[in-house]
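Per this note's numbering, the sequence shown runs over residues 22 to 355.
For every residue, glycine included, the Cβ atom is placed at its ideal position computed from N, Cα and C.
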Amino acid sequence: MTGKIIINQGREKAILRQHPWIFSGAIQRTEGNPSPGDIVSVFAQDGRFLARGYWNPKSQIQVRILTWQEEEIDETWWRRMIQRAIDARPVYNELQRHNGYNEGYRVINAENDFIPGLIVDRYNQTLVLQALTLHINQHKEFIAHTLANLFEQMGIPVDSVYERSDVDVRGKEGLKAATGVLWGEEPPLYTQMGSEKLTYLVDIRKGHKTGTYLDQKQNHAILEQLFAEVYGDQADTRVLNLFSYVGRFGLGGGKHIVNVDSSADALQLAKRSYELSEFLAEAVEFVEADVFNYLRELIARGEQYDVVILDPPKFAQNKQQVDKAAHGYKDINL
């Protein structure tokens, strides 16, 4: 018997619209003495069943909804939902099955796949898992085994499921950072992605996010197309790639590329990626510098570039930093 959550009158409207979160202020009372992380059933004041999800009294988001149906949340449910997420990426699955895809992609995208708190990305034969909430953290080993088994059944090999639950949002759930192998073997120190002619390296253990910024894949492709259509084989195209991280945007094209970042480790990985690629650039520079100061130096020298790429980190961690962040964005764009 699951615990019960009774919602304040009028607060069921968002749940009926299938909003996946229930905040603490929407809850009138708890029945059944559930433990943190337990599955709970959610009811309206008049006794109507609304949803079922997992509960964490330490979080401002006290219930994250898994289903709006009166169904059991058991191992069978989890296998079905994970398989559903995998099946929602048929093109990637087919390419992986025939070893024809060496770009990373997202396998499970939390609420977007109706599995709140769970992120899974794939880099070649390695799956990288982020457990962002208490319930997912409690069941991450089972989830890792299920992922590996389901892929294997589809003829898609998995060598490792590696945890990268080292994000600040876990603190809001009362969780500490956690990393390491959940299933299989240790992943390689660097994972080689891309094609034979355009290769880049991903640091699964220490790289940003789960290793790199998969959400920028489309922008990388757009930039490569832009270079092909606008510049072609022009010998004098100059590219300035600011906040370059591991230099992936700089691989889009250009004959003279300057990658600028404050991280020496990121620039070293970028340099190795460029060395592995059959890249046509005549000159590539890797500059360790504060971007704001470096831009002022370029302006003072009167330097100009055909393409300037700006992909800055998050300047505002909270609403108190918005004004400061606005000045930062203005500074790098003027």
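Query raised in the report: For V188, which option in K230, R50, E92 has the closest C-alpha, if you only look at C-alpha atoms?
Result: The option with the nearest alpha carbon to V188 is K230.
Query - Cβ-based neighbour list, I86, same chain, cut-off 6 Å, excluding 5 preceding and 5 following - result: Residues of the same chain with a CB within less than 6 Å of the CB of I86, apart from the 5 flanking positions on each side, are P41, A72, G74 in chain order.
Query raised in the report: In the structure shown, what three-state DSSP assignment does H277 receive?
Result: strand
Query raised in the report: alpha helix (DSSP H) containing L297: first to last residue?
Result: 285-297
Query raised in the report: Since K25 is in the beta strand (DSSP E), which residue starts that stretch and which ends it?
Result: 24-28
**Report entry** Pick from K238, L139, K193 that is closest to P78, judged by C-alpha positions
**Finding:** Of the candidates K238, L139, K193, the residue whose Cα lies closest to the Cα of P78 is K193.
**Report entry** Per-residue DSSP class, three states only, for R105
**Finding:** helix
Report task. Within 10 angstroms of the Cβ of D142, are there 16 or more other Cβ atoms? Answer buried if so, exposed if not. Result -> buried
Query raised in the report: According to the neighbour-count rule (16 or more other Cβ atoms, all chains shown, within 10 Å of its Cβ), is Y144 buried or exposed?
Result: Classification for Y144: buried.
Query raised in the report: Going by Cα to Cα distance, which pick from T88, E93, P57, H156 is closest to D134?
Result: T88
Query raised in the report: From N29 to Q90, what does the alpha carbon distance come to, in whole angstroms?
Result: 20 Å
Requested in this report: Please name the residue or residues paired with Y113 in a DSSP beta bridge.
Outcome: The partner list for Y113 (beta bridge, DSSP) is empty, contrary to what the question assumes.
Query raised in the report: Taking Cβ positions, are I439 and N262 nearer each other than 8 Å?
Result: Here the chain comprises residues numbered 22 to 355, so residue 439 is not present and cannot be evaluated.
Query raised in the report: Considering only C-alpha positions, which residue in the set D332, I157, L203 is nearest to Y350?
Result: When only C-alpha atoms are compared, the closest one is D332.
Report task. Report yes if the CB atom of I48 is closer than 8 Å to the CB atom of I82, and no otherwise. Result -> No.
Query raised in the report: From this set, G253, Y266, Q289, which residue's C-alpha is nearest G275's C-alpha?
Result: G253
Report task. In the DSSP assignment, find the unbroken alpha helix (DSSP H) run with E132 in it and report its ends. Result -> Note, E132: premise wrong, no alpha helix (DSSP H); not H, not E.
Report task. Tell me whether S45 is buried or exposed, calling it buried when 16 or more other Cβ atoms sit within 10 Å of its Cβ. Result -> That one is exposed.
Query - Whole beta strand (DSSP E) elements within the stretch 195-273, 3-residue minimum - result: 199-205, 212-215, 220-223, 259-263
Query - Counterpart residues of R73 in DSSP-defined beta bridges - result: S62, T88
Query raised in the report: Apart from the five residues just before and just after A304, which ones in its own chain have a Cβ nearer than 6 Å to its Cβ?
Result: H277
Report task. Could you please give me the residues that DSSP links to R185 through a beta bridge? Result -> Beta-bridge pairing links R185 to T200.
Requested in this report: Please name the residue, chosen from F336, Q104, Q237, that lies closest to Y126 on a Cα-to-Cα basis.
Outcome: Q237
Query raised in the report: According to DSSP, is E124 helix, strand or coil?
Result: coil
**Report entry** Classification of D108 by the beta-carbon crowding that lies within 10 angstroms, buried from 16 upward
**Finding:** Flag for D108 reads exposed.
Query raised in the report: How many angstroms separate the CA atom of T258 from the CA atom of S181?
Result: 41 Å
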